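Novice: First the structure, then my questions, so here it is.
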Amino acid sequence: MNVFDLIAKEQQRQNENIELIASENFVSENVLKAVGSCLTNKYAEGYPVNRTSGSRGRYYGGCEIVNEIEEYCCDLWRKVFQTDYHVNVQPHCGSNANFAAYMSVLKPGDTILSMNLDNGAHLTHGSPVNFSGKLYHMEFYGVTPEGFIDYDDMEAKAEALQPKLILAGASAYSRIIDFERFAAVAKKVGAYFMVDMAHIAGLVAAGEHPTPFGLADIITTTTHKTLRGPRGGLIFCRPELARKVDSAVFPGSQGGPLLHVIAGKAIAAEEALQPEFKEYAHNVRVNCRAMCDEFLKMGYDVVTGGTDNHLFLLDLTKTGLSGKEVQDELDLHHITLNKNCVPQEKRSPAQTSGVRIGTAAMTTKGYGPEDFIRVAHQIDCVIRGMQKARENA
Ligand code: DSN
Numbered sequence: 000m001n002v003f004d005l006i007a008k009e010q011q012r013q014n015e016n017i018e019l020i021a022s023e024n025f026v027s028e029n030v031l032k033a034v035g036s037c038l039t040n041k042y043a044e045g046y047p048v049n050r051t052s053g054s055r056g057r058y059y060g061g062c063e064i065v066n067e068i069e070e071y072c073c074d075l076w077r078k079v080f081q082t083d084y085h086v087n088v089q090p091h092c093g094s095n096a097n098f099a100a101y102m103s104v105l106k107p108g109d110t111i112l113s114m115n116l117d118n119g120a121h122l123t124h125g126s127p128v129n130f131s132g133k134l135y136h137m138e139f140y141g142v143t144p145e146g147f148i149d150y151d152d153m154e155a156k157a158e159a160l161q162p163k164l165i166l167a168g169a170s171a172y173s174r175i176i177d178f179e180r181f182a183a184v185a186k187k188v189g190a191y192f193m194v195d196m197a198h199i200a201g202l203v204a205a206g207e208h209p210t211p212f213g214l215a216d217i218i219t220t221t222t223h224k225t226l227r228g229p230r231g232g233l234i235f236c237r238p239e240l241a242r243k244v245d246s247a248v249f250p251g252s253q254g255g256p257l258l259h260v261i262a263g264k265a266i267a268a269e270e271a272l273q274p275e276f277k278e279y280a281h282n283v284r285v286n287c288r289a290m291c292d293e294f295l296k297m298g299y300d301v302v303t304g305g306t307d308n309h310l311f312l313l314d315l316t317k318t319g320l321s322g323k324e325v326q327d328e329l330d331l332h333h334i335t336l337n338k339n340c341v342p343q344e345k346r347s348p349a350q351t352s353g354v355r356i357g358t359a360a361m362t363t364k365g366y367g368p369e370d371f372i373r374v375a376h377q378i379d380c381v382i383r384g385m386q387k388a389r390e391n392a
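Sequential numbering from 0 applies to the sequence shown in numbering that gives the first Met the number 0.
Printed below as a string of C-alpha cells:
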C-alpha cells in the first residue's frame, strides 16, 4: 500500500464530490502548510510564561519560537471574537476541549443539564457511551414537537435539578440559540453556563449568530467546521477560570500540544479576521436558506420548518426511507452528507429518519444559491428514484 496514492485518491474524492456534511470544510493552502510543517517535531508541554493563568512555562528547552506561535495564536483568537476572555488553544479536538472544560469546574458525579442527544446534541454532551455520560450525572432538556429548543423545559429542569453546569450548543440544531435566556437561567440557579459553539463558531465570528461572549463562563469550539481551520479545539473562559481551565488541559488531560496544529489555528484566525471571511459566513447562511427553501417548495419536511444557520435537517419520515439508505445512495451519486435523528425519532441512531445538510464546505468552493438549489433537485431526484424502486420491488 502506498499512503501517498491513497491521499491522492482522497484528494480526488474531495475535488469531485459535493460535500454537504455540516461539520466539514476545506482549509486554505496556508493552513495545510502550517499543519504539515516541522513544528510537528517539537515537544512543548506546559504553556508560554506570562499567561493569565500564571503558568510556570514549558517543561522542555528550545521552546522560544513555539512560545511566540502559541501566544500569537491566543491573541488572534481573542481578536476574532472581540473578547478579553482567556483562551487555551491546545485542545487536540472538540471532545478534548469539552472534557477539560467540564474537568475545570466540575467533580465526577456533578449534575450537567444539556440538550437531549436525540434532539441534536453532541456525544460529549452526555451520551451514556461517552466519558460525559459515565463521569457526570447528566440531565437533559428537549425540543418542542417542531424541533425548537424548549427553553421553558430547560428552565423548569434547571430549577428542579439545580445543576452545577448548564450547557448550550448542538451538532444538529438549525436555529438561533438564545444564549441570553440560558445565561439568565444559569444565573438564577447558580450554575456555570457553558457553550459549545463548535458548529456555529464561524457564524459567531462574523456576526451571523449572536455571541455567547459576555454571557457564558466557558466556551468551547472546534476550529475545523464553520471556522475553516485545522482539526482542533479551543477553550475560552472568564479570566478568573483561566488557571483551572489551563491545568485541566495540561497536565489534566493532555500531554504535549500539537504546535503544528496551533500554527494552523493561528493561520485560520488570521483568515477569519479578513473582510472576506465575513462575506463567506454570510453566504453560508444565504445558501443554506436557499437550499432549505427549495426542499420546502418541493414538499419536503424540514425540522423546525427552516434554518437560521449553516445547516438544516430533512425529515424523511413520509418518504418511507431511512436516513442511512438515503446517505448510502447519495454516496453513489457523489453527494456526501450524513444520516441524522429527527425529533421524536422512531428509528435507531444507526438508521435514523433524517439527514443533515450543511453549506459551509461547498460555499468555500464557491457555490452560490443557484448551485445549492440545483443540488437540492439532484437529491430529490435520487430520493424519488429510491421510492420508485421500492414500489416496483
Ligand atoms: N462529529 C461532529 C459533527 O458532525 O457534528 C461534531 O463534532
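The beta carbon of each residue, even a glycine, is placed where N, CA and C say it ideally should be. What you are looking at is a predicted structure, and each value in this text was computed from that prediction instead of being measured.
Of all the options Val184, Val188, Phe147, which has the alpha carbon lying nearest to the alpha carbon of Ile395?
Specialist: The shown model of the chain, from 0 to 392, leaves out residue 395, and the question about it has no answer.
Novice: What is the DSSP secondary structure of Thr221, reduced to helix, strand or coil?
Specialist: Three-state DSSP puts Thr221 in a strand.
Novice: State the CB to CB distance for the pair Ala156 and Tyr135, rounded to an integer number of angstroms; the pair is presumed to be in contact (CB under 8 Å).
Specialist: One detail in the question is off: residue 156 reads as Lys in this sequence, not Ala. With 8 Å as the limit, Lys156 and Tyr135 do not qualify as a contact, their Cβ atoms being about 15 Å apart.
Novice: Excluding sequence positions up to five away, which residues of its chain have a Cβ less than 6 Å from the Cβ of Val244?
Specialist: Around Val244: Asn87, Ser103, Ile234, Cys236.
Novice: Mind checking whether the beta-carbon of Gly125 lies closer than 8 Å to any heavy atom of the ligand DSN?
Specialist: Because no heavy atom of the ligand DSN lies under 8 Å away, the Cβ of Gly125 does not count as near it: no.
Novice: Using the rule of at least 16 other Cβ atoms within 10 Å of the residue's Cβ for burial, across every protein chain shown, is Val341 buried or exposed?
Specialist: The residue is buried, with at least 16 neighbouring Cβ atoms inside 10 Å.
Novice: How should Ile64 be labelled, buried or exposed, when 16 other C-beta atoms within 10 angstroms of its C-beta is the threshold for buried?
Specialist: Its Cβ having fewer than 16 others within 10 Å, Ile64 is exposed.
Novice: For Thr318, name the three-state secondary structure that DSSP assigns.
Specialist: Helix at Thr318.
Novice: Please report the residue range of the beta strand (DSSP E) in which Phe192 lies.
Specialist: Start and end: 191-195.
Novice: With distances taken Cα to Cα, identify the nearest neighbour of His309 among Glu324, Ala289, Glu328.
Specialist: Ranking Glu324, Ala289, Glu328 by Cα distance to His309 puts Ala289 first.
Novice: Touching or not, the region 249-268 and the region 34-45, by the rule of three or more beta carbon pairs under 8 Å?
Specialist: Contact holds: three or more Cβ-Cβ distances are below 8 Å.
Novice: From which residue to which residue does the beta strand (DSSP E) around Ser167 run?
Specialist: Here the sequence assigns Ala to residue 167, which means Ser is not the residue at that position. Unbroken beta strand (DSSP E) run through Ala167: 164-167.
Novice: Leaving out five residues on either side along the sequence, give the residues of the same chain with a beta carbon under 6 Å from the beta carbon of Asp307.
Specialist: So the list reads Arg174, Ile175, once near-sequence residues are dropped.
Novice: Using CA coordinates, which residue listed in His332, Ala167, Met0, Tyr299 is at the minimum distance from Thr210?
Specialist: It is Ala167.
Novice: How long is the line joining the alpha carbons of Cys72 and Ala268, rounded to whole angstroms?
Specialist: When rounded, the distance between both Cα atoms is 7 Å.
Novice: In this structure, what does DSSP give as the bridge partners for Lys338?
Specialist: According to DSSP, which records beta bridges pairwise, Lys338 is partnered with Val354.
Novice: Cβ atoms of Leu295 and Ile382: under 9 Å apart, would you say?
Specialist: Not closer than 9 Å, so no.
Novice: Quick check: the region 10-28 against the region 359-379, are there 3 or more CB pairs under 8 Å?
Specialist: Output reads yes: the region 359-379 touches the region 10-28.
Novice: So is the beta-carbon of Gly93 under 8 Å away from any non-hydrogen atom of the ligand DSN?
Specialist: Yes - the ligand DSN has a heavy atom lying nearer than 8 Å to the Cβ of Gly93.
Novice: Below 6 Å CB to CB, which residues in the same chain sit around Asn66 once its five sequence neighbours on both sides are set aside?
Specialist: Within the same chain, Asn66 has close Cβ partners Pro47.
Novice: For Asn87, which of helix, strand or coil comes out of DSSP?
Specialist: Here Asn87 sits in strand by DSSP.
Novice: Below 8 Å, how does it come out for the region 113-131 and the region 92-102: are there three or more Cβ pairs, yes or no?
Specialist: Touching, yes, given that three or more Cβ pairs across the two stretches are closer than 8 Å.
Novice: Which two residues bound the contiguous beta strand (DSSP E) that contains Ile261?
Specialist: Not the beta strand (DSSP E): Ile261 falls in the alpha helix (DSSP H), residues 258-271.
Novice: Quick check on the burial criterion: 16 or more other C-beta atoms within 10 angstroms. Buried or exposed for Ile6?
Specialist: Burial call: exposed.
Novice: Hey, out of Pro90, Arg12, Phe3, whose CA is closest to Ala247's CA?
Specialist: Closest by alpha carbon: Pro90.
Novice: Do you know how far the Cα of Ile266 is from the Cα of Ala33?
Specialist: Using only the alpha carbons, I get a separation of about 8 Å.
Novice: From which residue to which residue does the alpha helix (DSSP H) around Ser103 run?
Specialist: Residues 93-104.
Novice: Please state whether DSSP places Arg242 in a helix, a strand or coil.
Specialist: Three-state DSSP puts Arg242 in a helix.
Novice: Are the beta-carbon atoms of Phe25 and Gln13 separated by less than 9 Å?
Specialist: Contact: yes.
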